[in-house]
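Asks: Sequence positions in the sequence shown follow my numbering and run 35 to 204. Virtual Cβ for every residue (Gly too), placed ideally from N, Cα, C.
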Amino acid sequence: ACEPTLAHCVMAELNRQNLLHGWVQQNHDGLPQKAGYRQEEINEIHGSWFDPSSPVVKYSGCLRGDLFEDMETQAQTSDLVLVLGTSLTGLNADQCVTETARRSTQGSALGSVIISPQKTAQDGKAALRIFAKADDVMLALAKEFGFGPRAIGRSRGVRRSADLFPKENR
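(1) In the DSSP assignment, find the unbroken alpha helix (DSSP H) run with GLN59 in it and report its ends.
(2) Buried or exposed: SER142, going by 16 or more other Cβ atoms within 10 Å of its Cβ?
(3) Closest by CA to VAL58, which one among GLN67, ARG50, PHE181?
(4) Are the CB atoms of VAL44 and LEU162 nearer to each other than 9 Å?
(5) What residue range is occupied by the uninterrupted beta strand (DSSP E) comprising SER146?
(6) Check each candidate in ILE79, ARG188, PRO151, ALA155 and name the one with the smallest Cα separation from HIS171.
(7) From this set, LEU114, GLY119, ALA127, ALA176, which residue's C-alpha is nearest SER138's C-alpha?
(8) Whose C-alpha, out of ARG72, LEU97, GLY64, GLY99, is nearest the C-alpha of TRP83?
(9) From the DSSP output, read off the bridge partner residues of ASN77.
(10) Could you tell me the distance, in whole angstroms, from the CA atom of HIS42 to the CA atom of THR154?
(11) Leaving out five residues on either side along the sequence, give the residues of the same chain with a beta carbon under 7 Å from the beta carbon of SER195.
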């Protein structure tokens with residue numbers, strides 16, 4: 035099974051410290067939760083392999099209404115959006131970037147930060163664009179904040195997928 039990256043672990047630490055308040059997760063892998071990110075602050079917009087109450091949505095399928103509404107609310111109210119691990123190729127979740135960027139031009143948000151080694155269609159809208167690997171940027175951020183070993187996934191407490199959901203729920 036996949037394990038959380040350093041970026042997942044640093045984002046989970048930012049969440050534990052109440053510096054990061056929401057995560058729109060387009061993957062189904064449960065890696066944010068394995069890293070320790072609070073489940074109640076994750077919107078698994080395309081479903082989850084590990085949560086029977088949120089089945090994976092096929093590409094041609096319909097998103098769950100409550101998750102879509104939550105994602106729209108995050109897009110309309112977030113002060114700052116961090117974008118890691120997506121190419122921003124036109125899926126519904128892109129609105130979190132575009133809407134926050136739009137509001138930043140009106141002075142009602144800080145905007146979007148895109149961290150990726152590859153170009154995206156939204157690069158020109160970002161308040162900050164960093165062409166680098168997410169793990170490298172998040173390690174530098176963890177050092178800047180003085181985060182300890184837990185934040186970079188080098189201590190006990192990083193959970194495995196088997197720990198996330200009891201067998202009876204899988």
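Replies: The relevant details are as follows:
(1) In the sequence shown, residue 59 corresponds to position 25, counting from 1. Note, GLN59: premise wrong, no alpha helix (DSSP H); beta strand (DSSP E) at 57 to 59.
(2) Position 108 of the sequence shown, counted from the first residue, corresponds to residue 142. Exposed, by the Cβ-count rule.
(3) Indexing the sequence shown from 1 puts residue 58 at position 24. Closest option to VAL58, Cα to Cα, is GLN67.
(4) Residue 44 sits at position 10 when you count from the first residue of the sequence shown. Residue 162 sits at position 128 when you count from the first residue of the sequence shown. The answer is no: Cβ separation not under 9 Å.
(5) Against the sequence shown, residue 146 aligns to sequence position 112. Segment 145 to 149, the beta strand (DSSP E) holding SER146.
(6) The residue labelled residue 171 in the question sits at position 137 within the sequence shown. Reading off the sequence, residue 171 comes out as Val, not His. Taking only the C-alpha atoms, the option nearest VAL171 is PRO151.
(7) Counted from its first residue, the sequence shown places residue 138 at position 104. If we check each option's Cα against that of SER138, LEU114 comes out closest.
(8) Position 49 of the sequence shown, counted from the first residue, corresponds to residue 83. Nearest C-alpha to TRP83: GLY64.
(9) Along the sequence shown, one-based indexing puts residue 77 at 43. BP columns for ASN77 point to VAL58.
(10) Along the sequence shown, one-based indexing puts residue 42 at 8. Along the sequence shown, one-based indexing puts residue 154 at 120. Taking the straight line from one Cα to the other gives about 21 Å.
(11) Sequence index remark: in the sequence shown, residue 195 carries index 161 (1-based). Summary for SER195: the model assigns pLDDT 40, below 50, so the residue's position carries little reliability, and this model does not support an answer.
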